[in-house]
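Here the structure comes first, spelled out in structure tokens, and everything after it is commentary.
Protein chains in written order, with our numbering: chain A, 1 to 111; chain B, 1001 to 1117.
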């Protein structure tokens, strides 16, 4: 079973920030938080991952709470092309374990 | 473009038949993962290979098998196909299977859509 809880769906206005929450209250000390997205039926796309510090890359920012029990993925200026299902996954980084995907959050960016 | 190549993109076949799906990982990636995505089950992990050896098994049926060849490409064989096997099949690759510094980010291919009629 997935170790994360995400809202089923969210809407966001184009050009505004999209904040996608994820709860992972049972996360272990050696587990990272990964975010992927899947646009329509394309292959899942890696977005970002982090352990305990906030992370930022060209696609998004990841904010992890101090107790690491929850996190938020931020798309700073959402576009229509960001409409997708977003998956939050926790997994130990070593030994190349497979990802356990939950149902994710369906983000709809509205014009 | 993730760098992971899957062929064919679409496959239509009949019940009882056997098909082979192919995956070429990103250059330098030693690990290959196979996932199945059906409408009612979401993304399910099937099997992982690392440098030619099976490393982990998930919800893979006995009718399904896979292998990874010396050139690191992988094939997923599906036999005695049933209507319920209709799904998207994704392959992913990552740089390594172990090591504390490995990011182990999985990069996914575009998938093979299998339709069993």
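All C-beta atoms in this analysis are idealised placements derived from N, C-alpha and C, irrespective of residue type, glycine included.
For clarity, every value in this text was computed on a predicted model and none was experimentally measured.
CB contact below 9 angstroms: residue i versus chain A
| i | result |
| --- | --- |
| residue 1068 of chain B | no |
| residue 1113 of chain B | yes |
| residue 1024 of chain B | no |
| residue 1104 of chain B | yes |
| residue 1011 of chain B | no |
| residue 1109 of chain B | yes |
| residue 1064 of chain B | no |
| residue 1004 of chain B | yes |
| residue 1072 of chain B | no |
Contact with chain B by residue i, beta-carbon distance below 9 angstroms
| i | result |
| --- | --- |
| residue 44 of chain A | yes |
| residue 111 of chain A | no |
| residue 90 of chain A | no |
| residue 6 of chain A | no |
| residue 115 of chain A | Outside the shown range of chain A, which is 1 to 111, sits residue 115 of chain A, and nothing can be said about it. |
| residue 86 of chain A | no |
| residue 98 of chain A | yes |
Beta-carbon contacts of residue i that lie in its chain and below 8 angstroms, excluding the five residues immediately before and after
| i | result |
| --- | --- |
| residue 1011 of chain B | 1019, 1021, 1112, 1113, 1114 and 1115 |
| residue 125 of chain A | Since the first residue shown for chain A is 1 and the last is 111, residue 125 of chain A is missing from the structure and cannot be characterised. |
| residue 83 of chain A | 39, 107, 108 and 109 |
Neighbourhood of residue i by C-beta, 6 angstroms cutoff - its chain only, sequence neighbours within 5 removed
| i | result |
| --- | --- |
| residue 19 of chain A | 72 and 74 |
| residue 57 of chain A | 48 |
| residue 7 of chain A | 105 |
| residue 1117 of chain B | 1014 |
| residue 22 of chain A | 4, 6, 71 and 88 |
| residue 1072 of chain B | 1025 |
One or two residues paired with residue i in a DSSP bridge
| i | result |
| --- | --- |
| residue 1037 of chain B | B:1043 and B:1088 |
| residue 45 of chain A | A:37 |
| residue 10 of chain A | A:107 |
| residue 1004 of chain B | According to DSSP, which records beta bridges pairwise, residue 1004 of chain B is partnered with nothing at all. |
| residue 1032 of chain B | B:1049 and B:1093 |
| residue 1117 of chain B | Partner(s): none; residue 1117 of chain B has no beta bridge. |
| residue 1074 of chain B | B:1023 and B:1068 |
Sequence-distant residues of the same chain with beta carbon closer than 7 angstroms to residue i, five excluded per side
| i | result |
| --- | --- |
| residue 13 of chain A | 110 |
| residue 1087 of chain B | 1036, 1037, 1038 and 1114 |
Buried versus exposed, by CB contacts within 10 Å (16 or more), residue i
| i | result |
| --- | --- |
| residue 17 of chain A | exposed |
| residue 37 of chain A | buried |
| residue 1016 of chain B | exposed |
| residue 1085 of chain B | buried |
| residue 11 of chain A | exposed |
Contact test: residue i Cβ vs the ligand PLP heavy atom, cutoff 8 angstroms
| i | result |
| --- | --- |
| residue 1024 of chain B | The ligand PLP is not among the ligands present in this structure, which contains no ligands whatsoever. |
Point to revise | Under 7 angstroms (Cβ pairs) to chain B, residues found in the stretch 22 to 43 of chain A | key: 41, 42 and 43
Practice item. Report the residues of the stretch 1028 to 1050 of chain B with a CB closer than 7 angstroms to any CB of chain A, ordered along the chain. Key: 1031, 1033, 1042, 1043, 1045, 1048 and 1050
Review point. Going along the stretch 44 to 59 of chain A in order, which residues come within less than 9 angstroms of chain B, judged by CB to CB distance?
Key: 44, 45, 46 and 49
Exercise for review: Could you name the residues of the stretch 1081 to 1092 of chain B whose beta carbon sits closer than 7 angstroms to any beta carbon of chain A, in the order they occur along the chain?
Suggested key: 1088 and 1090
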